[in-house]
Amino acid sequence: RILAATNKELRQLVAKGSFREDLYFRLGVLTIDVPPVSERENDILLLCQHNVTKFARESGKVPPRFTDRALNILKNYSWPGNVREIENLMQRLIVMTDNDLIDAPDLPSFMRFSASKKAGLNRTLAQVEYEHIKNVLTSVGGNKTRAAEILGIDRKTLREKLKHNRK
């Protein structure tokens, strides 16, 4: 008995002559198509928690918990390396952090950027605008007149946008 896995479309490789047809049929007695982790969003956090617990116990450590920010990044990341990438990251986190809490800064920067980009694509224009307005207001210490100037809108328009988004 042979158990084999691939991330390639073997039918296409056989058609191109890049994979032996007889081997394809020998291996193809029973095939199980498993979608990539990125298509199984509910599994991502379960796999992260399972692996971080496993590696922590192997290292004699208490398994750390994840902050909501870290969980959001993990959930929104595309995971091109699938389960192996999750395993590698969780092992790295156990080795590199001594905290009992894993937060966003503990995750690789490329992952934080990629996840925020993906999360941003799932938001409405109104949500993106409101977040930008809040960021500008924070940067000017809540000064609405200054924020309106930076945003290039009238102070009254700013008030209306803030009022509308609070609903």
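For the sequence shown, my numbering begins at 8 and goes up steadily by one.
Heads up, the beta-carbon is just placed ideally off N, CA and C, and yes, glycines get one too.
What does the Cβ neighbour count give for residue i, buried or exposed, with the cut at 16 atoms within 10 Å?
| i | result |
| --- | --- |
| V41 | exposed |
| P87 | exposed |
| A155 | buried |
| N49 | exposed |
| N83 | buried |
| M103 | exposed |
| V59 | buried |
| I39 | exposed |
| V135 | exposed |
| L132 | exposed |
| L37 | exposed |
Any chance the CB of residue i is under 7 Å from a heavy atom of the ligand GDP?
| i | result |
| --- | --- |
| L53 | Inclusion of the ligand GDP in the displayed structure is not the case, the ligand content being empty and no account of it being possible. |
Assuming the contact rule is C-beta atoms closer than 8 Å, residue i and residue j should be a hit. Round their C-beta distance to whole Å, please.
| i | j | result |
| --- | --- | --- |
| R162 | K151 | 6 Å |
| I80 | C55 | Wrong, their Cβ atoms sit about 10 Å apart, outside the cutoff. |
| P71 | N106 | 6 Å |
| L34 | A11 | 6 Å |
| A77 | I109 | 5 Å |
| S25 | S85 | About 27 Å separates the two Cβ atoms, so there is no contact after all. |
Using the C-alpha atoms, what's the distance from residue j back to residue i?
| i | j | result |
| --- | --- | --- |
| L30 | K141 | 59 Å |
| M118 | A111 | 9 Å |
| L20 | I9 | 20 Å |
| F120 | I157 | 25 Å |
| K61 | K68 | 10 Å |
| G149 | L17 | 59 Å |
| L52 | R91 | 14 Å |
| F32 | D113 | 46 Å |
| L144 | N89 | 39 Å |
| L165 | S146 | 15 Å |
| E65 | M97 | 12 Å |
| I160 | N172 | 16 Å |
What does DSSP give as the partner residue(s) for residue i in the beta ladder?
| i | result |
| --- | --- |
| F73 | I109 |
So within the stretch 77-144, which uninterrupted alpha helix (DSSP H) runs reach at least 4 residues, ignoring any that extend past its ends? 89-103 and 116-128
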